[in-house]
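Be aware that the sequence shown starts at 551, since it is given in our numbering, and climbs by one per residue. We treat Cβ as the ideally placed atom computed from N, Cα and C, and that holds for glycine. Step one of this worksheet: look at the structure below.
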Amino acid sequence: MNSFQAIVLAIIEGLTEFLPVSSTGHMIVASSFMGIASDPFVKLFTIAIQLGAILSVLVLYFKRFFKSINFYIKLLVAFIPAAVFGLLLSKKIDELLESPMAVGISLLVGGIILLFVDKWFNKPTINEEEEINYITALKIGFFQCIAMIPGVSRSGATIIGGMSQKLSRKLAAEFSFFLAVPTMFAATGKKLFDFYKEGNTISHDQINLLIIGNVIAFIVALLAIKSFIGFLNKHGFRVFGWYRIIAGLIIIILLYTGHNLQVI
């Protein structure tokens, strides 16, 4: 992977990490078109640059993270299901990540669901983070586990989970952003541990790629989050639903016509 490819993947990560469109699916397609060979560092890179995107949440919502201990307890409660299932099903998740067809189907099915989400959950009663209790946080955490299937979208799953628990669209999106912080830190830490456990090392050039990737992902994610919240309040999820349907169909058609989409 060269610098140009790293920048492209970082832009995709920043744009899609917090949108309900699946960053994994987009990076699989982009990697295939750019001919990026799948190796331990590439897999590490696609996870590690999420730290840059996470930093954008900390910057944009800085005051929220110093509001109360209760806020952190809710995030911990919501994070627990993903931590447990992630450890128990890590091998199965890795197998699914090797299947571009799983990504295509997930994008398609998730897109169809997004077409109806605004109608299904159109009577929110919770508009402030303080109103979220621990049980609600835990239920949203279980929704996040669905995103272990590649192509589902962690953001999409947790936002829908929040809306199903009577959170407003804006609050559901923001809580999804907050929950990304412990989730992505844990995912990156585990990936780094596995990377070195397998005897891999990182060269000076690869360190530079990681730095570039995180900086780009941070900047792009800042813009994406601000734009997404405003767009979501005005237009809802239908646009993202149609986008996912089109993207999923493209992947499925490419696979059925003999194109080999590489996994990352």
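| Item | Value |
| --- | --- |
| Neighbourhood of Phe778 by C-beta, 8 Å cutoff - its chain only, sequence neighbours within 5 removed | Phe568, Leu569 and Ala723 |
| Spatially closest choice to Lys815 from Lys740, Gly763, Asn672 and Phe629, by CA coordinates | Only positions 551 to 814 of the chain appear in this structure, which leaves residue 815 out of reach. |
| Member of Thr686, Gly711, Pro700 and Met651 whose CA lies at the smallest distance from the CA of Gln694 | Gly711 |
| For Phe591, the first and last residue of its enclosing alpha helix (DSSP H) | Pro590 to Ala598 |
| Residue ranges of each alpha helix (DSSP H) within the segment 766 to 811, 4 or longer | 788 to 806 |
| Three-way DSSP call (helix, strand, coil) for Ile550 in this model | Given that the chain is displayed from residue 551 to residue 814, the structure contains no residue 550 and the question cannot be resolved. |
| Anticipated Cβ contact below 8 Å, Val731 with Ile604, distance rounded | 5 Å |
| Distance, Leu717 Cα to Ile766 Cα | 31 Å |
| Nonlocal neighbours in the same chain, by C-beta distance under 7 Å from Ala707, ignoring five residues either side | Phe693, Gln694, Ile696 and Ala697 |
| Of the listed residues Ala598, Ile762 and Leu610, nearest to Ile775 (C-alpha basis) | Leu610 |
| Contact set for Asn783: own chain, Cβ-Cβ below 8 Å, skip 5 residues either direction | Arg719 and Lys720 |
| Simplified DSSP assignment, three categories, for Ile676 | strand |
| Contact set for Leu729: own chain, Cβ-Cβ below 8 Å, skip 5 residues either direction | Leu625, Ala628, Phe629, Ile690, Gly691, Gln694 and Thr708 |
| Buried/exposed call for Leu773, threshold 16 Cβ in 10 Å | exposed |
| For Leu717, three-class secondary structure by DSSP | strand |
| Straight-line Cα distance separating Gly763 from Phe583 | 19 Å |
| Spatial distance of Ile801 from Ala598 (CA atoms) | 25 Å |
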